[in-house]
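In the numbering used here, the protein residues as written are 402 to 618. This report concerns only the one structure given below.
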């Protein structure tokens, strides 16, 4: 189970961008400071000092602290999230699952482990998603567009075997994301994702999903 590192993916995105070295440095520093201290708890002077540039340079490049946040979130939503999803789906595609419980347990455990490994960076994204209702739908749409095909094939296999209710794939995925997110998001927000009991949480989430999505006979 290879867990993608969000910061590494973000660095890769910056390197492939047209941003200058100073702009990249400001964004990298801002990513860590916003994650550690929160957006409101971080000053532009701190960002400038750690990035090795003047505060005037920061304002010239990004205008405001909100401008920095936007410059961070745009590549996250447009490239980092899709890249992380693609890497994960490649992993899932190579797996064989004996039953529905094994499938859900594997996927939930993988994403919980991913959240723990990247909780600081993900906290920025989650906090902004909660503040911005438009961003919630944008994130859902991006995730759905990436996982629908591969995830849908796995789900169709279980539908064909009669062990998964024959509902629209998008509906099932929404239930899955909702249940998994109910464990992951609170832990990430309060900064205690590392204290999450993954095995217990996976068992509970899997049990709920299997019971709810197994056809009534």
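All C-beta atoms, glycine included, are put in the ideal place defined by N, C-alpha and C. This structure is a prediction, so every number in the text was calculated from the model and none was measured.
Based on Cα-Cα distance, which residue from the options lies nearest to residue i?
{"i": "residue 494", "options": "618, 408, 554", "result": "554"}
{"i": "residue 482", "options": "468, 516, 588, 462", "result": "516"}
{"i": "residue 436", "options": "497, 528, 479", "result": "528"}
{"i": "residue 574", "options": "504, 418, 419, 601", "result": "504"}
{"i": "residue 472", "options": "525, 605, 550, 547", "result": "525"}
{"i": "residue 520", "options": "589, 612, 601, 599", "result": "589"}
{"i": "residue 499", "options": "432, 414, 567, 559", "result": "559"}
Taking only the alpha-carbon atoms, compute the straight-line gap between residue i and residue j and give it to the nearest angstrom.
{"i": "residue 409", "j": "residue 451", "result": "19 Å"}
{"i": "residue 610", "j": "residue 434", "result": "37 Å"}
{"i": "residue 569", "j": "residue 576", "result": "11 Å"}
{"i": "residue 425", "j": "residue 565", "result": "46 Å"}
{"i": "residue 464", "j": "residue 581", "result": "37 Å"}
{"i": "residue 536", "j": "residue 467", "result": "15 Å"}
{"i": "residue 501", "j": "residue 605", "result": "14 Å"}
{"i": "residue 647", "j": "residue 540", "result": "Here the chain comprises residues numbered 402 to 618, so residue 647 is not present and cannot be evaluated."}
{"i": "residue 506", "j": "residue 579", "result": "15 Å"}
{"i": "residue 572", "j": "residue 418", "result": "36 Å"}
{"i": "residue 597", "j": "residue 407", "result": "19 Å"}
{"i": "residue 607", "j": "residue 422", "result": "45 Å"}
{"i": "residue 618", "j": "residue 563", "result": "10 Å"}
Ends of the alpha helix (DSSP H) at residue i?
{"i": "residue 594", "result": "It is not in any alpha helix (DSSP H) - residue 594 carries neither H nor E in the DSSP assignment."}
My guess is that residue i and residue j are in contact by the Cβ rule of under 8 Å, so how many angstroms apart are they, rounded?
{"i": "residue 486", "j": "residue 548", "result": "6 Å"}
{"i": "residue 513", "j": "residue 602", "result": "6 Å"}
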